[in-house]
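Residue 14 in my numbering sits at position 13 of the sequence shown, with consecutive numbering throughout.
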Amino acid sequence: MPTDPSAINTAPNTVIAYRRMIVALMAGGLANFSLMYFVQPLLPLLVDVYGITPAESSLALSVTTATITVGLLMAGPLADRFGRVQVMRASLIASGLFGLAAAFAPSWAALLVLRGLLGITLAWFPAAALAYLREETPPGAHGRANAAYIAGTAVGGATGRLLPGPLAALGGWVATATTMSLITLAAGLALWLLLPPSATFQPRKAELREVLLGTITAPFDQVLAWLCLAGFTSMGAFVAVYNAAAFRLQAPPFELGHAAGWVYLAYPIGIAAPYVLRHLAERDGRGHTTALGAALLILGVAITSIPTLATMFGGLGLLTFAFLGVHSLLSGWVVDRAARHNLGNAQASSAYLLAYYLGSTVAGALATLTWQQVGWIGVETLTLSLSSATLAAVLLASHFDRNPKVSLGQQPTLL
């Protein structure tokens, strides 16, 4: 558990509350991401179940990430009015219920509507969680807490890609979607029982105009603009590769069938990335370390172009490690920049997440269409372009963000 006695109050009650917070947020992040992404390895199954094309199947994920942008605009006012903790609880419970309904959707249109509603409620959790972490963790502990939360989302991503294959083989779409929804509801219960109430934030009524303007104008800051672009392109590259990989592994020369799911064992390789890159950032600075992660993202994409099972596995593993590390650093960098320049933590994190999920929506849908029309070479071209743009955006953000390098004890969010 990521505690640091030099960074937090070591009174037993304080340490216990901190640990409860980390466990609860990791559980929430796991459930949030697993429910969002479990459809990704099942796209070929959805083609068979609902009689749709591969390009249409990607809408099961893209409609969720698209409506997340709507949910993010709601998240700020809701979190300010009702509190961060209450919004996170409501997010998981509502999302789990929408997920259960989607499991029994009678038609493709009904499934898309329910996955769209699910996207709105899923969005409330990460927006409130990032703000809660920045406000409630003591000086020196934010970097570790943020890395733990991102690791929880990484475990969720791994669960959402590894568990559906065996579940689908046993019980098809209904059993898989039901199980993933129940996991989310269980996480909501854990959050209800474990997450400490906000100590430094008092709910207030926020004007929608104020919140929307704050979210929209946050990227007017030069550094935040480049960080949001990096979130868009890195998430886009990551989701594009995984969307298309689900179909590539079913086609020659692989033709893996249900065994294709085992390739997603590469995903857990990335779970350690938030911790590894955070330690590097403490030593070398967040700009250099994030740029290193972006370079690894390019390399991971390139390796997947080699048509062997070993290189596909290794490329996906490196891609996942690089992406999760970059996302951990970017999400911490965004709220740190906002805090240093009085831009509003919740609004800045919402702006970043809007760009992040927009990248997933656009590139994820484009990747399956590209696969259907051009094949893997087209997907490679798309994702190499996106990952290269990530590196350029990170270098520009690092250039313009000239805050001095200090220790984590002095400035807790040096990510």
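All C-beta atoms, glycine included, are put in the ideal place defined by N, C-alpha and C.
Distance check for L250 and L257, CA to CA, integer angstroms please. Numbered from its first residue, the sequence shown carries residue 257 at position 256. Numbered from its first residue, the sequence shown carries residue 250 at position 249. Spanning the two alpha carbons is a distance of roughly 6 angstroms.
Starting from P275, trace the alpha helix (DSSP H) both ways and give me its first and last residue. By one-based count along the sequence shown, residue 275 stands at place 274. Counting along the chain, the alpha helix (DSSP H) containing P275 begins and ends at A274 to D285.
Going by beta-carbon coordinates alone, are S351 and G77 separated by less than 7 angstroms? The count along the sequence shown starts at 1 and reaches residue 351 at position 350. The count along the sequence shown starts at 1 and reaches residue 77 at position 76. The answer is yes: Cβ separation under 7 angstroms.
Judging by CA-CA distance, which residue of W334, F105, G52 and I299 is the nearest neighbour of G286? Along the sequence shown, one-based indexing puts residue 286 at 285. Measuring from the Cα of G286, the nearest candidate turns out to be W334.
Please confirm whether L387 and G237 have their CB atoms less than 7 angstroms apart. On the sequence shown, position 386 is the one that residue 387 refers to. On the sequence shown, position 236 is the one that residue 237 refers to. Yes. Within cutoff.
Using the rule of at least 16 other Cβ atoms within 10 Å of the residue's Cβ for burial, across every protein chain shown, is G360 buried or exposed? In the sequence shown, residue 360 corresponds to position 359, counting from 1. Result: buried.
Straight-line gap, G161 to R284 (C-alpha atoms, nearest Å): By 1-based counting over the sequence shown, the position of residue 161 is 160. By 1-based counting over the sequence shown, the position of residue 284 is 283. Answer to the nearest angstrom: the Cα atoms are 33 angstroms apart.
Going by the beta-carbon positions, is the gap between A245 and V380 smaller than 7 angstroms? The residue given as residue 245 occupies position 244 in the sequence shown. The residue given as residue 380 occupies position 379 in the sequence shown. The answer is yes: Cβ separation under 7 angstroms.
By the three-class DSSP mapping on this structure, what secondary structure does R403 have? Translated into the one-based positions of the sequence shown, residue 403 becomes position 402. Coil, per DSSP.
Tell me which same chain residues have a C-beta within less than 6 angstroms of the C-beta of V40, skipping the five on either side of it? Numbered from 1 along the sequence shown, position 39 holds the residue referred to as residue 40. So the list reads A61 and L62, once near-sequence residues are dropped.
In terms of residue numbering, what span does the alpha helix (DSSP H) encompassing G334 cover? Counted from its first residue, the sequence shown places residue 334 at position 333. Before going further, note that residue 334 is Trp rather than Gly in the sequence given. Counting along the chain, the alpha helix (DSSP H) containing W334 begins and ends at L310 to R341.
Beta-carbon proximity list for G326, same chain, < 7 angstroms, skipping 5 on both sides: Here residue 326 refers to the residue found at position 325 of the sequence shown. Cβ within range, chain order: A274, P275, V277, L278 and G294.
So, at 7 angstroms on beta carbons, what are the nonlocal neighbours of A159 in its own chain, with the 5 sequence-adjacent residues on each side left out? As a position in the sequence shown, residue 159 is number 158, starting the count at 1. Hits under 7 angstroms: Y268, P269 and I272.
Helix, strand or coil, according to DSSP, for E137 in the structure here? Within the sequence shown, the letter at position 136 stands for residue 137. Helix, per DSSP.
Thinking C-beta only, is P55 closer than 7 angstroms to Q374? As a first step, residue 374 must be located in the sequence shown, where it is residue number 373. As a first step, residue 55 must be located in the sequence shown, where it is residue number 54. No; because the gap between Cβ atoms is not below 7 angstroms, this pair is not in contact.
Whose C-beta lies closer than 8 angstroms to the C-beta of W174 among residues of the same chain, with five residues either side of it excluded? As a first step, residue 174 must be located in the sequence shown, where it is residue number 173. Only L43, L46, L47, V50 and A104 meet the Cβ criterion.
Taking one C-beta from the stretch 85–92 and one from the stretch 176–183 each time, how about it: are there three or more such pairs within less than 8 angstroms? no
Keeping to the same chain, check which residues put their C-beta closer than 6 angstroms to that of T154; ignore five residues upstream and five downstream. For this step, residue 154 is matched to residue 153 along the sequence shown. Hits under 6 angstroms: G30 and F34.
Looking at the unbroken alpha helix (DSSP H) that takes in F83, where does it start and where does it end? Numbered from its first residue, the sequence shown carries residue 83 at position 82. F83 -> alpha helix (DSSP H) spans L60 to F83.
Going straight from the alpha carbon of A296 to that of R135, what length do you get? Counted from its first residue, the sequence shown places residue 296 at position 295. Counted from its first residue, the sequence shown places residue 135 at position 134. Answer to the nearest angstrom: the Cα atoms are 28 angstroms apart.
With burial defined as no fewer than 16 other Cβ atoms inside 10 Å of the residue's Cβ, what is the status of T369: buried or exposed? Position 368 of the sequence shown, counted from the first residue, corresponds to residue 369. Under this definition T369 is a buried residue.
Buried/exposed call for G100, threshold 16 Cβ in 10 Å: Along the sequence shown, read from residue 1 onward, the residue named residue 100 stands at position 99. G100 should be labelled buried.
L194 burial status per 10 Å Cβ neighbour count (16 or more: buried): Position 193 of the sequence shown, counting from 1, holds the residue named residue 194. Flag for L194 reads exposed.
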